[in-house]
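Working notes, beginning with the structure itself.
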Amino acid sequence: MDKTESIATVDDAIKKLALLDSKDKIWTQEMLLQVTDKAVRLLDCDTQELENFPLPTIHLSQAVLNQTRYPSVLLLVCQDNEQHRPDIHFFHCDEVEAELVHADIDSALGDNKYGKKSRLQTLK
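If you're matching positions, the sequence shown starts at 1 in UniProt numbering and goes up one per residue.
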């Protein structure tokens with residue numbers, strides 16, 4: 001990517017996703033996203049872990065609705081201490097809406113950071 005295509009904001013990332021989608025350059029893989037009290041885990045259909053995002057590395061969770069052909073998308077911005085720039089991940093949510101997954105992740109982040117137990121209320 002040259003500097004004119006660089007991603008500096010979440011809005012830039014969403015625009016880039018829409019552009020890639022319009023050119024059929026989106027790669028998809030079916031997986032499960034599991035939110036725990038310590039991490040967001042990605043599991044393949046055989047429940048083998050594909051990726052693990054510890055909660056302290058998640059800087060932003062956001063629902064992106066109706067901006068691509070995928071109507072319900074979850075955006076995660078993650079960065080660990082060794083990374084110079086954060087990673088941006090997009091997940092198409094088809095069985096559980098992105099807004100609900102986002103709320104679950106946000107409550108898990110709050111519980112992890114502040115020692116609260118609000119996540120149980122979020123999941124009701």
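Glycine included, C-beta positions come from ideal geometry on N, C-alpha and C.
Is the distance from the Cβ of VAL77 to the Cβ of VAL10 below 9 Å?
The count along the sequence shown starts at 1 and reaches residue 77 at position 77. The count along the sequence shown starts at 1 and reaches residue 10 at position 10. Yes, they are a contact pair.
Buried or exposed (CB count within 10 angstroms, at least 16 for buried), PRO93
Taking the first residue of the sequence shown as 1, we reach residue 93 at position 93. Note that residue 93 is Cys in the sequence shown, not Pro. Per the 10 Å Cβ criterion, buried.
Bounding residues of the alpha helix (DSSP H) (the contiguous stretch that carries GLU99):
Taking the first residue of the sequence shown as position 1, residue 99 is located at position 99. Counting along the chain, the unbroken alpha helix (DSSP H) around GLU99 starts and ends at 98-114.
Between the CA atoms of ASP87 and GLN67 - distance to the nearest angstrom
In the sequence shown, the residue the question calls residue 67 occupies position 67. In the sequence shown, the residue the question calls residue 87 occupies position 87. Rounded to whole angstroms, GLN67 to ASP87 spans 20 Å at the Cα level.
Check whether the Cβ of ASP37 sits closer than 8 Å to any heavy atom of the ligand SAH, and report yes or no.
The model depicted lacks the ligand SAH and carries no ligand whatsoever.
Which residues in the same chain have their Cβ closer than 6 Å to the Cβ of PHE90, if we skip the five residues on either side of it in sequence?
Along the sequence shown, one-based indexing puts residue 90 at 90. Closer than 6 Å at Cβ, skipping near neighbours: LEU17, VAL73 and LEU75.
Return the chain-ordered list of same chain residues with a C-beta closer than 8 Å to the C-beta of LYS3, the five sequence neighbours on each side being excluded.
Reading the sequence shown from its first residue, position 3 is the one you call residue 3. Residue placement at LYS3 cannot be trusted, given a pLDDT of 44 that sits under 50; the coordinates are not used to answer.
Element boundaries [beta strand (DSSP E), containing ALA13]:
Looking up residue 13 in the sequence shown gives position 13. For ALA13, there is no enclosing beta strand (DSSP E); the enclosing alpha helix (DSSP H) has its first and last residue at 10-22.
Which residue comes first and which comes last in the beta strand (DSSP E) that contains HIS89?
On the sequence shown, residue 89 is found 89 positions in, with the first residue counted as 1. Segment 87-92, the beta strand (DSSP E) holding HIS89.
Jot down the residue ranges of each uninterrupted beta strand (DSSP E) in the segment 13-80, minimum 3 residues, whole runs only, in chain order.
Counting only runs of 3 or more, we get 32-35, 39-43, 49-54, 58-65 and 72-78.
Check the C-beta distance from LEU50 over to ALA98 and give it rounded, since I have them as a contact under 8 Å.
For the purposes of this step, residue 50 is taken as residue 50 along the sequence shown, with counting starting at 1. For the purposes of this step, residue 98 is taken as residue 98 along the sequence shown, with counting starting at 1. Your pair LEU50 and ALA98 does not check out as a contact, with CB atoms roughly 19 Å apart and the cut at 8 Å.
So the candidates are ASN81, TYR70, GLU82 and PRO56; which of them puts its Cα closest to the Cα of ASP24?
Numbered from its first residue, the sequence shown carries residue 24 at position 24. Per the C-alpha coordinates, the member of ASN81, TYR70, GLU82 and PRO56 positioned closest to ASP24 is TYR70.
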